[in-house]
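Asks:
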Amino acid sequence: MRRPFILVLAVALALAAAGCGSSGDGDSGAASGGSSQVKVGIIPILDVAPIYLGKQKGFFSSRKIELTLESGQGGAAIVPGVVSGQFQFGFSNVTSLLIASTRGLPLKVVSNGVASTGKDKADFGGVVAKDASIRTAADLAGKRVAVNTLKNIGDSTIRASVRKAGGDPSSIKFVELAFPDMPAALQAGRVDAIWVVEPFLSTSLGQGGHLIASNYVDAAPDLTVAVYFTSRQLIEKDPDLVKRFTEAMTESLAYADAHPDEARQVLTSYTKIDPGVIQKLTLPKWPPQINRASVQTLADLALKDGLVTKPPDLAALLP
Amino acid sequence: MSPARSRRVLGTAGLLGFLALLEVAPRAGLVPDRNLPPTSRIAGALADELGQPSFWAALGDTLQGWAIGLAVAVAAGVGLGLLLGSVPALRAVTGSTIEFLRPIPSVALIPLAVLLFGTDLRSKLLLVVYASFWQVLIQVLYGVQDVDPVAMETARSYRLGRWARIRHVVWPTALPYALTGFRLAAAVALVLAITAELIIGNPGLGKEIAVAQTSGAVAATYALVVVAGLLGVGVNLLARALERRLLAWHPSARREAGG
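As you go down the protein sequences, you meet chains G and P in turn. Residue 3 is where the first sequence starts when you use our numbering, and the numbers rise one by one after that. Residue 26 is where the second sequence starts when you use our numbering, and the numbers rise one by one after that.
And the structure:
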C-alpha cells in the first residue's frame with residue numbers, strides 16, 4: 003500500500019509538471035531570425051489554395067513572414083481569433099465581414115481572397131436540384147433550399163438569382179445544412195435544392211443532380227466572394243507587417259490564378275479531396291484585386307434582405 | 026471449451042459478423058455506398074492514412090492533449106479532493122459552488138476557450154481538464170467520506186500525525202474511488218480532446234476528421250472515426266490495467282482473482 007501511493011503521487015506530479023512546462027512552450031511566439039511569426043485563420047477548402055501555394059513558393063518567407071495556417075471547421079473561430087489577436091489575419095466571406103463591421107467589430111480587409119469565375123453554369127458553386135420540374139432559379143419559389151449558413155452570402159445571392167430570373171424570393175424556405183451533408187439530403191428528398199461549392203458541386207452533379215443557377219454569377223459580374231482581413235489594432239501597431247502580408251498575398255493570388263495545375267496540386271497537401279475529383283473540379287478565380295463594385299452589390303443585397311440594419315461603411319472596411 | 030474461451034470466440038465471431046454486414050449492406054444497395062462505404066473500402070482508406078506522416082502527427086497531438094489534460098485533472102482532483110474531504114469546514118464552504126460548476130457541460134465552454142486561447146493546445150486543455158477534473162474530485166470526496174471512523178480513531182490514538190493519517194488511513198480507502206475517477210476521466214478526456222479538435226480546430230484526429238468531411242472523403246472520415254474508437258478501447262484497457270495493478274491488495278481485486 004505504501005508503494006502504490008508513492009508511485010501515483012510521483013506520476014501525478016511529474017505529469018502535472020510536464021503539463022505546466024508544455025503549456026508554457028505554446029507562448030513562445032518570439033520572432034526568430036528577424037522574421038515575424040504570423041498566424042492566419044482559414045477554412046481548409048479550395049478557396050484558400052493560393053495562400054498554401056504562396057507559402058510553398060516562399061512568397062511569405064521572402065518578406066520575412068513565417069506563416070502558420072490555422073484551420074478551424076466552418077471558421078467560427080476566425081473572426082473572434084482575429085479580434086482577440088490569436089490570429090494576425092483571417093479569411094472570411096464578404097457578407098460575414100459586412101455583418102461584423104455593422105456590429106462595430108474593428109476589422110479591415112487587407113487582400114482579395116477568392117472570386118467567382120464570372121461564367122454562368124461554370125462557377126465553383128451553384129444551386130443544384132434533383133426534381134426535373136425545377137429548371138431555373140424562378141422555380142425555387144416555395145421550395146426548400148439548403149445553404150451552409152442562414153442569413154449569409156448563400157441565401158443573399160440566391161435571392162438575387164431568383165429576382166434576376168423573374169421569380170419571387172420571399173417564399174423560399176432556406177434550410178441550414180453543412181456542405182458535406184447536402185448531396186445526401188438532396189438524394190433523400192429532404193430538401194428540393196442545395197447550394198453547394200466544389201468538391202460537393204461535382205459530387206452532387208455526378209449523382210444525377212442538375213445545375214439550375216450560378217448564384218455568385220447572377221449576383222454581380224466577377225463577384226468577390228471572400229477576402230483576407232485583419233484587426234484595426236494590428237494596422238496601428240504594425241503597419242509594415244500588414245503591408246508585407248498584403249504584398250505576399252497579392253503575389254500568391256496572381257501566381258495561383260496563372261498556374262491552375264499547381265493550385266490543384268497544392269489541394270492534396272491540406273485537403274483529403276479524392277485526386278480524381280481534384281483534376282475535374284471547377285476552380286474559382288483568384289484575381290489579385292478586390293472587385294469593389296461587387297462588394298457594394300453584396301452590401302446592398304445584405305441591406306435589402308435584412309442581414310444588416312444599416313448600410314455597411316465600405317470605405318472603412320475596404321483598403 | 027472453458028467459459029472464458031467460448032466467450033472470447035463468440036465475441037470475435039460477433040465482431041466479424043458486424044464487419045461482414047457493413048461490407049454487404051452497401052454492396053447490396055441497402056444503403057447508398059457513397060454515404061456508408063463497405064468495410065473493405067474503409068480499411069483501404071485506413072491503410073492510406075497509416076502511411077501518412079500527417080496522420081501520426083495528428084494522433085500524437087490528440088494523445089498529448091489527452092495525457093496532459095488528464096494528468097492535470099487527476100493531480101488537481103486528487104489533491105483538492107483529499108484537502109476538501111479531510112477538512113469538513115472547507116467541504117461545507119465549497120459544496121454549493123462545486124454542485125453549481127460541476128453540471129456545466131464542458132462543450133458549453135467552447136466559445137470561451139476559443140476567445141481565450143484560439144486554436145492552440147490550451148483551448149483543448151481547458152475543455153479536457155474541466156470535464157475530467159470533476160470526475161476525479163467527486164470520486165475522491167466520496168472515498169474520503171468512506172474512511173472507517175474506528176480506523177481513524179485508532180490512528181489518532183497511535184498518535185499518527187495528519188500526513189501519516191492521510192497516507193495510511195485515508196489514502197488506502199480513497200484509492201479505489203480515485204482509480205474509478207481516473208477511469209471515467211480518461212474516457213471523458215478523450216471525448217473532449219476529439220470534440221475540441223473537431224469543433225475548434227486544434228491539431229489532432231478530430232481536425233483530420235473535419236478535413237476529411239469538408240473534402241467529401243467519406244471513406245477516410247470513417248477510417249478516422251474507427252481510429253478514434255480504437256483509441257477509446259485502448260484508453261479503457263489502460264485504465265483497467267492500472268486499476269488491477271494498483272489495487273492488487275484490495276479485497277475486491279483479490280476476490281476477483283480467486284473466483
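Where a beta carbon is used, it is the ideal one built from N, C-alpha and C, also for glycine. These numbers come from a predicted model, not from an experiment.
1) Answer with yes or no whether the minimum CB distance from R265/P to chain G is below 8 Å.
2) Relative to chain G, which residues along the segment 50–75 of chain P have a C-beta separation below 8 Å, given in chain order?
3) With respect to the beta strand (DSSP E) encompassing G128/G, which residues constitute its N-terminal and C-terminal limits?
4) Which residues in the same chain have their Cβ closer than 7 Å to the Cβ of A203/P, if we skip the five residues on either side of it in sequence?
5) Would you tell me roughly how many angstroms separate the C-alpha atoms of V194/P and D173/P, rounded to the nearest one?
6) So L115/P and L217/P are supposed to be a Cβ contact under 8 Å. How far apart are they, rounded?
7) In the DSSP assignment, find the unbroken alpha helix (DSSP H) run with V198/G in it and report its ends.
8) Kindly indicate which three-state DSSP category T252/G falls into: helix, strand or coil?
9) Counting only Cβ pairs nearer than 9 Å, list the residues of chain G close to T144/P.
10) Answer yes or no: do V50/G and G120/G have a C-beta to C-beta separation smaller than 8 Å?
11) Between the segment 108–122 of chain G and the segment 248–258 of chain G, can you find at least three pairs of beta-carbon atoms closer than 8 Å?
12) With a cut-off of 8 Å, does the C-beta of P241/G fall near any C-beta of chain P?
13) Please decide whether Q160/P counts as near chain G, where near means a Cβ-Cβ distance under 8 Å.
14) Check Q39/G in the structure and name its three-state DSSP category.
15) Would you kindly work out how many angstroms separate the C-alpha atoms of V40/G and D157/G, rounded to a whole number?
16) Taking Cβ positions only, does S157/P come closer than 8 Å to chain G?
17) Please identify, using Cβ separations under 8 Å, the residues of the segment 267–281 of chain G that lie next to chain P, in order along the chain.
18) Mapping the DSSP letters down to three states, classify Y230/G as helix, strand or coil.
19) Starting from the Cα of I135/P, find the closest Cα among A212/P, R184/P, I224/P, N60/P and give me that residue.
20) I'd like the list of long-range same chain contacts for Q298/G, defined as Cβ closer than 7 Å, with 5 residues on each side in sequence excluded.
21) With respect to the beta strand (DSSP E) encompassing A134/G, which residues constitute its N-terminal and C-terminal limits?
22) As an exercise, report each continuous alpha helix (DSSP H) stretch of at least 4 residues that is fully enclosed by the segment 189–251 of chain P, in chain order.
23) Terminal residues of the continuous beta strand (DSSP E) containing S73/G?
24) By the 10 Å Cβ neighbour count, where 16 or more other Cβ atoms means buried, how is W159/P classified, buried or exposed?
25) Could you tell me which chain G residues have their CB closer than 7 Å to the CB of L140/P, listed as they occur along the chain?
26) Taking one C-beta from the segment 73–87 of chain P and one from the segment 245–256 of chain P each time, how about it: are there three or more such pairs within less than 8 Å?
27) Please name the residue, chosen from S172/G, G168/G, S206/G, that lies closest to D183/G on a Cα-to-Cα basis.
28) Listed in chain order, which residues of the segment 227–251 of chain P have Cβ atoms closer than 7 Å to some Cβ of chain G?
29) Using three-state DSSP, classify K245/G as helix, strand or coil.
30) So, is the C-beta of A20/G closer than 8 Å to a C-beta in chain P?
31) Nearest to G87/G by CA position, among V139/P, I93/P, T179/P, F43/P, is which residue?
32) On the three-state DSSP scale, how would you describe L303/G?
33) Can you tell me which of P185/G, P201/G, S204/G puts its alpha carbon nearest to the alpha carbon of A195/G?
34) Determine which residues share a DSSP beta bridge with E374/G and list them.
35) Distance, Cα to Cα, S63/G vs G208/G?
36) Determine the direct distance from the alpha carbon of T248/G to that of V229/G, and round the result to whole angstroms.
Replies: In terms of the structure at hand:
1) no
2) P57, R59, N60
3) 127–131
4) V103, V161, Q164, V165, G168
5) 8 Å
6) In this structure L115/P does not touch L217/P by the C-beta definition: roughly 28 Å separates them, more than the 8 Å allowed.
7) Run containing V198/G: none in the alpha helix (DSSP H); it sits in the beta strand (DSSP E), 195–199.
8) helix
9) K41, G43, E72, S73, G74, A79, G83, Q88, F89
10) Here V50/G is not near G120/G, since their CB atoms are 8 Å or more apart.
11) yes
12) No, because no Cβ of chain P sits closer than 8 Å to the Cβ of P241/G.
13) Chain G, which has no Cβ nearer than 8 Å to the Cβ of Q160/P, makes this no.
14) Q39/G falls in the strand class under three-state DSSP.
15) Here the alpha carbon of V40/G sits roughly 33 Å from the alpha carbon of D157/G.
16) no
17) Listed in sequence order: Y272, T273, K274, I275, D276, V279.
18) strand
19) I224/P
20) L316
21) Unbroken run through A134/G: none, as it is neither H nor E.
22) 196–224, 230–239
23) 67–73
24) buried
25) Correct list: P82, S86.
26) yes
27) S206/G
28) A235, V236, A237, Q238, T239, S240, G241, A242, A245
29) helix
30) For A20/G, the predicted structure reports a pLDDT of 43, less than 50, and the residue's modelled location is therefore unreliable. The matter cannot be settled from this model.
31) Sorting V139/P, I93/P, T179/P, F43/P by C-alpha distance to the C-alpha of G87/G places V139/P at the top.
32) helix
33) P185/G
34) This structure cannot settle anything about residue 374/G, because the visible part of chain G is limited to 3 through 321.
35) 40 Å
36) 11 Å
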